[in-house]
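Numbering (the working numbering), first residue to last: 955 to 1190.
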């Protein structure tokens, strides 16, 4: 029992000392309920740890701003989706009422306005199909151009290596393999010219509205290609 009384007395003395020290610090203005002030040390250069702490503070502020922005954007997108669904339902109701009104009315012959509406609907559908086709073609042409550029770079590297090998070796007479390579080069150039001609013709057909003019240009370009091939073979 005596041991417990001595222990409680020491605890009380310690509490009194702590409270007196807190009162002194409060009088000096160094004690607050929220946070103790930082101890002001002597001026020194920043270390890696200081830069890491500054980066952590910046990341915390950036994360908070990003979180607020995401919440705001999610709220706006949710309201937009809600308005879109409401507007879609209203459009469906208006369309149903319009159909009922048209079906209930007496039958009548088509007027110029009806034909104009049919033409507008057809033009809208055709424009939509054409737009999707152009998007698909643009995507495919972009991929083909990318592959063509890669293949062209590879061919240039192979050609440079082949030229270096040919220049290093001694002069020699042409063999069957050399003639086959020359023929392959000529066929590649001819295929390239034919491909460019087809591309020109496709562009011409897509841009022109007159069928007679298209036929005239087809024959003209065909004769030009024929003369070009003859000249190439003659030069060879």
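Using N, Cα and C, we set each Cβ at its ideal position, and we do this for glycine too. None of the values given here were measured: they were computed from a predicted structure.
Simplified DSSP state of residue i, which is helix, strand or coil
| i | result |
| --- | --- |
| residue 994 | coil |
| residue 911 | Summary: the structure shown does not reach residue 911, with the chain confined to residues 955 through 1190, and so no result is reported for it. |
| residue 1129 | coil |
| residue 1196 | The structure shown does not extend to residue 1196, since the chain spans only 955 to 1190, so no value can be given for it. |
| residue 1065 | coil |
| residue 988 | coil |
| residue 1050 | helix |
CB of residue i within 8 Å of CB of residue j, strictly
| i | j | result |
| --- | --- | --- |
| residue 994 | residue 985 | no |
Inter-residue Cα distance where the pair is residue i and residue j
| i | j | result |
| --- | --- | --- |
| residue 957 | residue 968 | Reliability fails at residue 957, whose pLDDT of 49 lies under 50, so the model's placement of it is uncertain and the value that follows must be treated cautiously. Whole-angstrom Cα-Cα distance: 17 Å. |
| residue 979 | residue 970 | 14 Å |
| residue 1092 | residue 1098 | 10 Å |
| residue 1150 | residue 1114 | 25 Å |
| residue 1002 | residue 1010 | 12 Å |
| residue 1108 | residue 1142 | 16 Å |
| residue 1048 | residue 1077 | 23 Å |
| residue 1148 | residue 1138 | 15 Å |
| residue 1153 | residue 1095 | 12 Å |
| residue 1089 | residue 1000 | 56 Å |
| residue 1004 | residue 1016 | 18 Å |
| residue 1040 | residue 1082 | 25 Å |
| residue 981 | residue 962 | 29 Å |
| residue 1066 | residue 1043 | 31 Å |
| residue 1012 | residue 1018 | 10 Å |
| residue 1035 | residue 1045 | 15 Å |
| residue 1074 | residue 1031 | 33 Å |
| residue 1135 | residue 1144 | 14 Å |
| residue 973 | residue 1006 | 37 Å |
| residue 1008 | residue 1014 | 10 Å |
| residue 1022 | residue 998 | 37 Å |
| residue 1128 | residue 1116 | 16 Å |
| residue 1131 | residue 1085 | 49 Å |
| residue 1072 | residue 1079 | 11 Å |
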